[in-house]
Amino acid sequence: MWNETFNILVVDLFRRRVFGSESDLRRIVVCLKQAVDVSQLKVDPATRQLITASAPRKISDFDKNALEEAIKIKEKLGDTEICTVTMSSEEAKAVLREALAMGADKAYLISDASFKDVDTSGTAYVLAQAIKKIGECSLVLCGETSLDSFSGLVGSRLAELLGLPQMSSVRKVSLEGDVVTVERTLEDSIEIVRAKMPCLVSVTREINQPRIPSLMMIMKASKKEIVTWTAADLGVEKDKLRSKIEILEVLAPKTERKKIRITGESVQEVADKLAKALIQEGVVGR
Amino acid sequence: MDGENGMSEGKGVWVFSDVYDLTLEMLGKGRELADKLQTDLSAIMIGSTVQEKANELLKYGADKVYLVENPALVSVQIEPYLSVLSNLVANYKPEIMLIGSTKNGKPLAARLASRLEVGCVPDCTRLNIDEQGRLVGERITYGGNAVARIALKMKPQIATVPARAFEKPQPKEHNGQLVKLDVKADMPKTEIVETKPLETSSVKIEDAEVIVSCGRGLKKKEDKILLDELSVVLHGQVGSSRPLAEDRKWFNEWVGLSGHKVRPKLYIACGISGVIQHVAGIRDSKVIVAINKDEQAPIFEAADYGVVGDLYQILPALKEAIKKQLQ
C-alpha cells in the first residue's frame, strides 16, 4: 500500500517537473496488441488446424491507427506524452520498438507467465492495472477490434473497469480544452459525440493512414527504454485472470461448395449452361 | 452470479437489441434455445416511446417482453442503457442473454459482461446448447481463416449476434405477457451533439436476395454498368470487394469480413480473386458463382459454379441467357 502511494507521489512530482503544472499534462495511453498477421496464416489441410506458432506477428492494424491518431494529436497540440502498453510475451518488444519509432514516448511491456491463457476479461483487467500504474491520463486510445481474434471487447471492458466515458467506432477525433469530440460511424448514421476527459476512444481503420517510421526514427527508438512489468508489479489478483469462456475448437471452415466448373465451346454456351443451372437452383426468377 | 457454481443460477433466455429487426431475428433463435432448455424466452425493449413495438414482439415468440420506457432513453448511450440492463439482470437472473451486435450493442454487451464479471462471445453466426446445457457460440476469427466454437462458463451467458445471422420468424399468435418496468437510468457520460445520415447508398446490400459483385477484374468505374444490367434482370444489387471501395473509391462500401457480411440467395463474384476476408463475408450465401480470368483464383474453391473467363464477355451473355430462359 505504502509502495503504491509512494509511486503515485513520485510520478506526480515527476509530472510537475516535466510539464510545469498539472493542467498542462496531456498523457495519452495507446493499447497495442501484437497480433498474428492473418494474411500470412497457414492452415494444415489435413486437420484444419491453424499454424499460428510460426505465423508472423505485427501491431494489430486498428491499434496502429490508434497510435497514429495519438501522434497526430501530439503534433497538433504539443505537450503530450504518448505511452504505449502491450500485454504479451517478451517477443512483443518488437511491436513496442516499432511504436517508439513511429513516435510514442514510452513503451510498457506487461509480461507474466500467468497471463498465458487469459481471455478478454483478464486482458482488460491487466491493462487497467497497468494504466492505473502509469498514472493519470487524459485519453486512452484503442483499436476498435483486433486483426486476429476480431472480438472487439477489450476496449469496452477497459472503459468499464476504469469507469471512463467511452466512444467507439470513431473515425475522427478532435481535442479542445478538456473535451474530446468524435465522429462515430453507426449502421445508418454518423453521430457526433463529445465527452470530458479522461475518456476512452476506440478507432476504426478509416481514421487515418499510419506512418511508416524513417530510418532516423528507428535508430532513435532503439535507444529508448522499454519498461517491463510483471503481474506482481501491477498487484494482479490471480483470481481475476480466470477465463470466463472455454474455447472448444478453432478450425479452418469447411468448404461445402459444389465447385462445379462450367465450360463450353463458346461464351454463349457457357452463359446458357450457367443460366440453366441457376434457374434449376431456384435462385433466379420469381 | 459468478464463481465456480455460477452455472447453477439463472433461468430463461433473453434477447435485446437497439435494432428492431435484429431483435426479431434473435427471437427466432432464442425460441429454439429456450425450447431446448425448457425455459422461457423474453425480450427487452428500451426506449422513449416503444410500447407499440414491444407489444409486437409478443407475436414473434416472446413469452415475456420487459418494457422500460423513459424519455431519457431516447437514444442509445452507454451509461443509462447499461444501468437498465444490469438492473434487470440482477432482478430476474437470466441464464442466456443474446445482444444484437450493432455499433452500440456490442460495447453494451462487453461492458455488461465486465460489470457482471462474466464472459461474452461476440458476433456469433451459430448458437447451440451443449450436453452440459451451456451456450456454445460459433464465430469467424483469424480474418476468416477459422471458425471458433466457444462455450460460456458463467451465467448470464452473453453472446452478441450480428444482423442477418438468423432468420426472422413468421409472426403468429402466442400467449405472451408485456411487463412494464420502472427502472432508474444512470446519467450518460457522453453527449450526442448531432446525428446525420451516413453517406451510403439508400438500399442496403445486406437486404438483397441477389448480389452481383465486382473486384479488381473491373478495369474502369464506368464498366460497372455491366453489373448493373445483369443485376436488373436478377432483381438484385451491385456490390464490390474491398479494394474497389477502399483503394479505388469507386464504391462507398464493400462486401467482406471488414465490410458487410451478406447472405443472399445468389452471390455472383465477378473478377474477385477471393481472399479469405471476402469469402468469410459471403460464406452464408445459398449459391455462389465465380467468374474470373485466373483459373487459380481462390474464389473458385468457395463457389458452387465457376466460370473461367472474361467478365466483359460473360456478363452480357449471361444477362441475355437468363432473360431468354425465363421467358
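Chains A and B supply the protein sequences, listed in that same order.
Take 6 as the starting number for the first sequence in our numbering and just add one per residue.
Take -3 as the starting number for the second sequence in our numbering and just add one per residue.
The beta-carbon is built from N, C-alpha and C at its ideal position, and this holds for glycine as well.
From a predicted model like this one, the values you see are computed outputs, not experimental measurements.
One or two residues paired with residue i in a DSSP bridge
i, result
"arginine 199 of chain A", "A:Thr186, B:Glu187"
"isoleucine 231 of chain A", "A:Ala112"
"glutamate 181 of chain A", "A:Val184"
"serine 38 of chain B", "B:Trp10, B:Lys60"
"alanine 241 of chain B", "Per DSSP, none; premise fails for alanine 241 of chain B."
"lysine 192 of chain B", "A:Ile195"
"isoleucine 154 of chain B", "B:Met93, B:Cys116"
"lysine 63 of chain A", "A:Ala40"
"valine 145 of chain A", "A:Val34, A:Leu205"
"isoleucine 287 of chain B", "B:Cys266, B:Val303"
"leucine 246 of chain A", "DSSP lists no partner for leucine 246 of chain A."
"glutamate 211 of chain A", "Paired residues: none, contrary to the question."
"isoleucine 207 of chain B", "B:Gln233, B:Tyr263"
"isoleucine 295 of chain B", "Looking at the DSSP assignment, isoleucine 295 of chain B forms no beta bridge with any residue, so it has no partner."
Under 8 Å from the C-beta of residue i: neighbouring residues of chain A
i, result
"glutamate 187 of chain B", "Val198, Arg199, Ala200"
"arginine 160 of chain B", "Residues of chain A passing the Cβ test: none, with the nearest at roughly 12 Å."
"valine 132 of chain B", "Leu253"
Cross-chain neighbours of residue i in chain A, by beta carbon under 7 Å
i, result
"asparagine 141 of chain B", "Val43, Leu46, Val48, Leu55, Ala257"
"glutamate 190 of chain B", "Ile197"
"arginine 279 of chain B", "Pro258"
"lysine 149 of chain B", "Lys249, Ile250, Glu251"
"leucine 194 of chain B", "Thr190, Asp193, Ser194, Ile195"
"proline 103 of chain B", "Ser161, Gln171, Ser173"
"valine 234 of chain B", "By Cβ distance, chain A contributes nothing, its closest Cβ being about 16 Å from valine 234 of chain B, past 7 Å."
"isoleucine 284 of chain B", "Arg262"
Selected residue, minimal CA-CA separation from residue i, among the options
i, options, result
"lysine 228 of chain A", "A:Ala257, A:Arg176, A:Leu105", "A:Leu105"
"alanine 144 of chain B", "A:Thr260, A:Val255, A:Val178, A:Asp238", "A:Val255"
"leucine 148 of chain B", "B:Asn171, B:Tyr138, B:Arg160, B:Pro118", "B:Pro118"
"valine 64 of chain B", "B:Gly57, B:Ser79, B:Lys319", "B:Ser79"
"leucine 81 of chain B", "B:Gln292, B:Pro152, B:Asn248", "B:Pro152"
"glutamine 128 of chain B", "B:Glu249, B:Asp17, B:Leu33, B:Gln233", "B:Leu33"
"valine 43 of chain A", "A:Gly269, A:Pro50, A:Ser59", "A:Ser59"
"asparagine 171 of chain B", "B:Ala298, B:Asn51, B:Glu316", "B:Asn51"
"glutamate 218 of chain B", "B:Lys245, B:Glu202, B:Ile201", "B:Lys245"
"serine 110 of chain B", "A:Glu230, A:Met92, A:Gly127", "A:Gly127"
"leucine 46 of chain A", "A:Cys204, A:Gly182, A:Arg62, A:Lys38", "A:Arg62"
"leucine 108 of chain B", "B:Phe296, B:Phe12, B:Glu291", "B:Phe12"
"glutamate 190 of chain B", "B:Met41, B:Ser71, B:Leu104", "B:Ser71"
"leucine 114 of chain A", "A:Ile136, A:Gly240, A:Ile231", "A:Ile231"
"valine 145 of chain A", "A:Val206, A:Gly83, A:Glu188", "A:Val206"
"arginine 160 of chain B", "B:Ala299, B:Glu5, B:Tyr88, B:Arg279", "B:Arg279"
"glycine 269 of chain A", "B:Gly305, B:Ala276, B:Glu225", "B:Gly305"
"threonine 35 of chain B", "B:Lys49, B:Ala106, B:Ala58", "B:Ala58"
"leucine 214 of chain B", "B:Pro158, B:Leu262, B:Cys266, B:Lys315", "B:Cys266"
"leucine 37 of chain A", "A:Cys88, A:Lys81, A:Lys79, A:Thr57", "A:Cys88"
"glycine 96 of chain B", "B:Ile264, B:Ile154, B:Leu230", "B:Ile154"
"serine 161 of chain A", "B:Lys102, B:Gln273, B:Ala299, B:Glu187", "B:Lys102"
"isoleucine 136 of chain A", "A:Ser154, A:Arg32, A:Ser94, A:Glu103", "A:Arg32"
Neighbour list for residue i in chain B, Cβ cutoff strictly below 8 Å
i, result
"arginine 31 of chain A", "The premise fails here: arginine 31 of chain A is roughly 19 Å from chain B at the closest Cβ pair, so nothing lies under 8 Å."
"arginine 162 of chain A", "Ala106, Arg107, Ala109, Ser110"
"serine 154 of chain A", "Thr137, Tyr138"
"valine 289 of chain A", "Val206, Leu230, Leu262, Ile318, Leu322"
Neighbour list for residue i in chain B, Cβ cutoff strictly below 7 Å
i, result
"alanine 280 of chain A", "Leu314, Ala317, Ile318, Gln321"
"phenylalanine 120 of chain A", "Per Cβ cutoff of 7 Å: no residues; phenylalanine 120 of chain A is ~17 Å from chain B at best."
Cross-chain neighbours of residue i in chain A, by beta carbon under 9 Å
i, result
"arginine 145 of chain B", "Ile252, Leu253, Glu254, Val255, Leu256"
"asparagine 124 of chain B", "Near asparagine 124 of chain B there are no residues of chain A at all, since even the closest Cβ is about 11 Å away, more than 9 Å."
"threonine 98 of chain B", "Leu191, Glu192"
"isoleucine 325 of chain B", "Here chain B comprises residues numbered -3 to 323, so residue 325 of chain B is not present and cannot be evaluated."
Within chain B, the residues that residue i reaches when beta carbons sit closer than 9 Å
i, result
"proline 203 of chain A", "Within chain B, no residue comes near proline 203 of chain A; the closest Cβ sits about 11 Å away, beyond 9 Å."
"proline 215 of chain A", "Near proline 215 of chain A there are no residues of chain B at all, since even the closest Cβ is about 14 Å away, more than 9 Å."
Output, in sequence order along the chain, the residues in the stretch 289 to 310 of chain B whose CB is closer than 9 Å to any CB in chain A.
Glu291, Phe296, Glu297, Ala298, Ala299, Asp300, Tyr301, Gly302, Val303, Val304, Gly305, Asp306, Gln309, Ile310
Compile a chain-ordered list of the residues in the stretch 106 to 121 of chain B whose CB is closer than 8 Å to at least one CB of chain A.
Ala106, Arg107, Ala109, Ser110, Arg111, Glu113, Val114, Gly115, Cys116, Val117, Pro118, Asp119
Within 7 Å of chain A by C-beta, residues of the stretch 58 to 92 of chain B in sequence order:
Ile74
What ranges does the alpha helix (DSSP H) occupy inside the stretch 71 to 141 of chain A, keeping only unbroken runs of at least 4 residues that lie completely in it?
98 to 107, 125 to 139
Contained beta strand (DSSP E) runs [length at least 3] in the stretch 46 to 100 of chain B, N- to C-terminal order
60 to 65, 92 to 96
Short-range partners of chain B found in the stretch 266 to 277 of chain A, where Cβ spacing is below 7 Å:
Arg266, Ile267, Val272, Gln273, Val275, Ala276, Asp277
Output needed in chain order: residues of the stretch 121 to 145 of chain A with a Cβ under 8 Å from some Cβ in chain B.
Asp124, Thr125, Ser126, Ala129
Mind pulling the beta strand (DSSP E) runs of 3 or more residues that sit fully within the stretch 91 to 147 of chain B?
92 to 96, 122 to 125, 131 to 137
Could you list the residues in the stretch 258 to 275 of chain B with a C-beta less than 7 Å from some C-beta on chain A, going in chain order?
Lys261, Leu262
If contact means a Cβ-Cβ distance below 7 Å, which residues of the stretch 160 to 184 of chain B contact chain A?
none
The stretch 55 to 84 of chain A: positions lying closer than 7 Å to chain B by Cβ:
Leu55
Of all the residues that make up the stretch 167 to 178 of chain A, which are near chain B by a beta-carbon distance shorter than 7 Å?
Pro170, Gln171, Met172, Ser173, Ser174
Contacting positions in the stretch 9 to 41 of chain B - beta carbon closer than 9 Å to chain A
Val15
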